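Structure record follows, encoded as structure tokens.
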Amino acid sequence: MEHLIQHFRKDEQPFIEQVLSWQREVEDRYAPKLTDFLDPRQRFIVSSVIGQDDTLKTACSGLFDGAERQRMLIFPAYYEATDEDFQLTAFTIQYPTKFIQLRHPDVLGALLSLGLNRSKFGDIRVNEQQVQFVVAQEVADYVRLHLTGIGKVKVHVESLKEDAPLLINEEEWFEEAHTVSSMRLDVIIATILNVSRQKAQALITGKKVRVNWTERDTVAFELQEGDILSIRGSGRVKIIMTEGRTKKDKIRLQIGRLAQKS
């Protein structure tokens, strides 16, 4: 276990402790444990910790195809997990689309303003005609009752019909190769965005950068393979891998960049 923990960052330790307590709970009670919605990094940690033996298994669901935020079920190996175990409710929002276009941040802000924790709802998907989002079943009635407006728009929340198609996330990633002098956050942002180090540092200290869904404001923060960067206004970047060094001792870096929607 010690060896496992070394792979994670120091500030991820509390979450690892949480996962270990879930693991003990399932072992002691011999019954499944359902988590709140977790981001991909958290799910990676859960799978790494729990995936160490064959007595326990994990499964996850966020309803949407390729959902970023999903609930996880940790369960004894003999148990057969079903869709119902994840206790998810999908909603759609009716609103006057002729006059206004709701965006993802509008919906997220409205849900948070209900006083709900972010961990109680999953992905929000939006297109020109409709909004769909997923919440934990235990807060579904509360959301249905209290989400009556988003910004200045009156909205009506209703359960998504069984056979209604879920919105698809049409994300496209492009791969790029770069050479960098180090894996420092400011160096990598400056290289990827083709801006000065000062500009990159201003983005970081201005709290506009997240690494693995966590805000990072330390310019010298060290990135690792598998990290996902979100830079406000410039989209997302995934550190795919480092491919050795050049003759001048620079690091060869493969990244994936999420295409910005026009």
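Numbering-wise (the numbering used here), the sequence shown opens with residue 10 and increments by one.
Ideal Cβ positions, reconstructed from N, Cα and C, are used throughout, including at glycine.
Everything numeric in this text was worked out from a predicted model, so none of it was measured.
* If we count the other Cβ atoms within 10 Å of its Cβ and call it buried at 16 or more, is Ala173 buried or exposed? -> In the sequence shown, the residue the question calls residue 173 occupies position 164. Ala173 should be labelled exposed.
* Asked: In angstroms, rounded to a whole number, what distance separates the CA positions of Pro41 and Gly244?
  -> Here residue 41 is taken as the residue at index 32 of the sequence shown, counted from 1. Here residue 244 is taken as the residue at index 235 of the sequence shown, counted from 1. Their Cα atoms are separated by approximately 37 Å.
* Secondary structure of Gly118, DSSP reduced to three states -> On the sequence shown, residue 118 is found 109 positions in, with the first residue counted as 1. Helix at Gly118.
* **Environment of Ala209 [buried if 16+ CB atoms lie within 10 Å]** => Numbered from its first residue, the sequence shown carries residue 209 at position 200. So Ala209 counts as buried.
* Asked: Run through DSSP, which three-state label would Leu47 get?
  -> One-based indexing of the sequence shown puts residue 47 at position 38. The answer is strand: DSSP assigns Leu47 an E or B state.
* Any chance the region 110 to 129 sits against the region 140 to 157, with 3 or more Cβ pairs inside 8 Å? -> yes
* Measure the C-alpha to C-alpha separation of Arg261 and Arg225 and round it to an integer number of angstroms. => Numbered from its first residue, the sequence shown carries residue 261 at position 252. Numbered from its first residue, the sequence shown carries residue 225 at position 216. Taking the straight line from one Cα to the other gives about 23 Å.
* Check the DSSP bridge columns for Lys163 and list the partner residues they point to. => The count along the sequence shown starts at 1 and reaches residue 163 at position 154. The partner list for Lys163 (beta bridge, DSSP) reads Gly158.
* Report back the beta-carbon spacing between Val189 and Lys259 to the nearest angstrom; my notes put them in contact at under 8 Å. => Looking up residue 189 in the sequence shown gives position 180. Looking up residue 259 in the sequence shown gives position 250. 6 Å between Cβ atoms; contact.
* Within this structure, are the beta carbons of Val220 and Asp195 separated by less than 8 Å? -> For this step, residue 220 is matched to residue 211 along the sequence shown. For this step, residue 195 is matched to residue 186 along the sequence shown. Going by C-beta atoms, Val220 is not nearer than 8 Å to Asp195.
* **Sequence-distant residues of its chain with Cβ nearer than 8 Å to Val28 (five each side left out)** => Within the sequence shown, the letter at position 19 stands for residue 28. Only Ile54, Val55, Val58 and Ile59 meet the Cβ criterion.
* What's the C-alpha gap between Ser271 and Arg33? -> Residue mapping note: residue 271 aligns to position 262 of the sequence shown, counting from 1. Residue mapping note: residue 33 aligns to position 24 of the sequence shown, counting from 1. The pLDDT assigned to Ser271 is 40, lower than 50, so where the model puts this residue is not dependable; a value taken from the coordinates is nonetheless given after this. Taking the straight line joining both Cα atoms gives about 47 Å.
* Within 8 Å, strictly: CB atoms of Val140 and Thr101 -> Walking along the sequence shown from the start, residue 140 turns up at place 131. Walking along the sequence shown from the start, residue 101 turns up at place 92. Yes; because the gap between Cβ atoms is below 8 Å, this pair is in contact.
* Asked: Is the region 72 to 80 close to the region 176 to 188, with three or more CB pairs under 8 Å?
  -> yes
* Asked: First and last residue of the beta strand (DSSP E) that includes Arg206?
  -> Here the question's residue 206 lines up with position 197 in the sequence shown. Where Arg206 is concerned, there is no enclosing beta strand (DSSP E), although the alpha helix (DSSP H) it sits in stretches over Arg206 to Thr214.
* Buried or exposed: Ala145, going by 16 or more other Cβ atoms within 10 Å of its Cβ? -> Indexing the sequence shown from 1 puts residue 145 at position 136. It counts as buried.
* Work out the CA separation of Phe130 and Arg241 for me, nearest whole Å. => One-based indexing of the sequence shown puts residue 241 at position 232. One-based indexing of the sequence shown puts residue 130 at position 121. Near 22 Å, if we compare the C-alpha coordinates of Phe130 and Arg241.
* Which of helix, strand or coil does DSSP assign to Asp172? -> Locating residue 172 in the sequence shown gives position 163, counting from the first residue. Asp172 falls in the coil class under three-state DSSP.
* Got a sec? Which residues, its chain only, sit under 7 Å from Leu267 by beta carbon, not counting five neighbours each side? -> Against the sequence shown, residue 267 aligns to sequence position 258. Taken in chain order, the residues that qualify are Glu180, Trp182, Gly244 and Arg245.
* Asked: Assuming Ile198 and Ile264 make a contact with CB atoms under 8 Å, what is their CB distance in whole Å?
  -> Position 189 of the sequence shown holds residue 198. Position 255 of the sequence shown holds residue 264. Actually they do not touch by this definition, with Cβ atoms about 11 Å apart.
* Asked: Ser56 by DSSP, collapsed to three states: which one?
  -> For the purposes of this step, residue 56 is identified with residue 47 of the sequence shown, where counting begins at 1. Helix at Ser56.
* State the Cα-Cα distance for the pair Ala90 and Glu147, rounded to the nearest angstrom. => Here residue 90 refers to the residue found at position 81 when the sequence shown is read from its first residue. Here residue 147 refers to the residue found at position 138 when the sequence shown is read from its first residue. In a straight line, the C-alpha of Ala90 is about 19 Å away from that of Glu147.
* Nearest-angstrom Cα distance between Phe84 and Ser70? -> In the sequence shown, the residue the question calls residue 84 occupies position 75. In the sequence shown, the residue the question calls residue 70 occupies position 61. So the two alpha carbons sit approximately 14 Å from each other.
* 3 or more residues per run - each beta strand (DSSP E) lying fully within the region 216 to 267 -> 218 to 220, 237 to 240, 244 to 254 and 260 to 267
* **beta strand (DSSP E) segment containing Phe24, residue limits** => Mapped onto the sequence shown, residue 24 falls at position 15. From DSSP, Phe24 is part of no beta strand (DSSP E) but of the alpha helix (DSSP H) over Gln22 to Arg38.
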